[in-house]
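Chemist: Sharing a structure, written as structure tokens. Questions coming.
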């Protein structure tokens, strides 16, 4: 597969190295001359100096035959513009962009970028998972449909303990899909399932109703 | 100077004939093996394995001509046509792979923006070659 990577920083360099090991044909576009020389010395002639936001550079790089386009510069604007050019001008089937500011993720999606990766968000999710006091852990974003899968832990002091699912004021469109209880086998809850302390509940929600779901499950 | 494996990159310029003659003279002493390579550079807009018929035909003509020049010198050379993105790294890789102990290259006098220029291939090879390099610069009156 021919892959073009915009940005030869640490992320771009190690990504290129890994993809080369997997046997892909690739090209890194980097603005900085010294960094370009470094990558060429380390990985061979897989890096050219140029601005990934310029049409002429992308044309020269063979964006027209690229099957994947990955923009991983430290600048969200550059990542967005280069991915848009690849997608709409050169019809690259798959575009992947690094999003430095998580707030920009929605804009990237609206602009038609196929996959967005926010390192800030990934680290935040890891923190949520590792820190036991954190009430919600984000497991997965289903971006196309604006949904997310989350895990909510029921603390020992929760006011909802002993209540059945049908008694909970769950926000519309939210679904409880799994209950993990101690050493028991995880099970799909029904409306008569009674909440217990330390239950881990996997639920499908939306970013807008996430807080309401948390309140419904843990009590106010 | 004695060499056992000589790599001669050719490009189809007027310097090629003199370079191959020089290679033959150097090789005769130690009965060295001579490889002649023509590197066909492929733009990134095309896949590396694309067949560009006119360019391949030209390259084959150059290599055939080189074989004849070597035969006239009483020497046999092995020829190879390589397709690559860039000539410099390909020549160096070829020298490494074939364990060449000499790269013999020819350049013609050329100017870029009014200044004498060696281009990008020769400096790359001079900088990265794993063996001796002899550069033949053709005199242009």
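Chains as they are written, first to last, in the working numbering: chain A, 1 to 220; chain B, 1001 to 1141. Ideal Cβ positions, reconstructed from N, Cα and C, are used throughout, including at glycine.
If you follow the alpha helix (DSSP H) that residue 1071/B is in, where does it begin and where does it stop?
Modeler: Position 71 of the second chain, counting from 1, holds the residue named residue 1071/B. Counting along the chain, the alpha helix (DSSP H) containing residue 1071/B begins and ends at 1053-1072.
Chemist: Is residue 192/A near residue 181/A, with beta carbons less than 8 Å apart?
Modeler: Here residue 192/A refers to the residue found at position 192 when the first chain is read from its first residue. Here residue 181/A refers to the residue found at position 181 when the first chain is read from its first residue. Cβ distance not < 8 Å, so residue 192/A and residue 181/A don't count as in contact.
Chemist: Out of curiosity, what's the CA-to-CA distance linking residue 1103/B and residue 1130/B?
Modeler: Sequence index remark: in the second chain, residue 1103/B carries index 103 (1-based). Sequence index remark: in the second chain, residue 1130/B carries index 130 (1-based). Taking the straight line joining both Cα atoms gives about 9 Å.
Chemist: Residues of chain A with CB closer than 9 Å to the CB of residue 1045/B, please, in chain order.
Modeler: Here the question's residue 1045/B lines up with position 45 in the second chain. The answer, in chain order, is 59, 60, 61, 62, 63, 64 and 65.
Chemist: For the segment 1087-1101 of chain B, which residues have a beta carbon sitting closer than 9 Å to at least one beta carbon of chain A?
Modeler: Cβ contacts with chain A: 1088, 1089, 1090 and 1093.
Chemist: In terms of residue numbering, what span does the beta strand (DSSP E) encompassing residue 1127/B cover?
Modeler: Translated into positions along the second chain, residue 1127/B becomes position 127. Run containing residue 1127/B: none in the beta strand (DSSP E); it sits in the alpha helix (DSSP H), 1121-1128.
Chemist: Can you give me the Cβ contacts of residue 156/A inside the same chain, cut-off strictly under 6 Å, excluding the 5 residues immediately before and after it?
Modeler: Locating residue 156/A in the first chain gives position 156, counting from the first residue. So the list reads 197, once near-sequence residues are dropped.
Chemist: Compute the Euclidean distance between the alpha carbons of residue 99/A and residue 52/A, then round it to the nearest angstrom.
Modeler: Within the first chain, the letter at position 99 stands for residue 99/A. Within the first chain, the letter at position 52 stands for residue 52/A. Near 16 Å, if we compare the C-alpha coordinates of residue 52/A and residue 99/A.
Chemist: Consider the Cβ of residue 52/A: report whether some Cβ of chain B lies at a distance smaller than 8 Å.
Modeler: Position 52 of the first chain, counting from 1, holds the residue named residue 52/A. Chain B contact via Cβ: absent.
Chemist: Pull up the distance between the alpha-carbon of residue 1019/B and that of residue 1009/B, whole angstroms please.
Modeler: Counting from one through the second chain, the residue named residue 1019/B turns up at place 19. Counting from one through the second chain, the residue named residue 1009/B turns up at place 9. Between residue 1019/B and residue 1009/B, the C-alpha separation is close to 9 Å.
Chemist: Fully enclosed by the segment 93-154 of chain A, which beta strand (DSSP E) runs are 3 residues long or longer?
Modeler: List check, beta strand (DSSP E) in window: 94-98, 115-117, 136-142 and 147-153.
Chemist: Just verifying my parser: in three-state terms, what is the DSSP assignment at residue 177/A?
Modeler: The sequence position of residue 177/A within the first chain is 177, counting from 1. Correct three-state label for residue 177/A: strand.
Chemist: Would you be able to state if there are at least three C-beta pairs under 8 Å between the segment 35-50 of chain A and the segment 1076-1089 of chain B?
Modeler: They touch, by the three-pair rule.
Chemist: Under a CB-based cut-off of 8 Å, is residue 1085/B close to chain A?
Modeler: For this step, residue 1085/B is matched to residue 85 along the second chain. Closer than 8 Å: yes.
Chemist: Could you check whether residue 152/A and residue 214/A sit closer than 8 Å to each other, using their CB atoms as the reference points?
Modeler: Indexing the first chain from 1 puts residue 214/A at position 214. Indexing the first chain from 1 puts residue 152/A at position 152. Result yes, Cβ atoms of residue 214/A and residue 152/A sit closer than 8 Å.
Chemist: Taking the straight line between their C-alpha atoms, what separation do you get for residue 216/A and residue 120/A?
Modeler: The count along the first chain starts at 1 and reaches residue 216/A at position 216. The count along the first chain starts at 1 and reaches residue 120/A at position 120. Whole-angstrom Cα-Cα distance: 28 Å.
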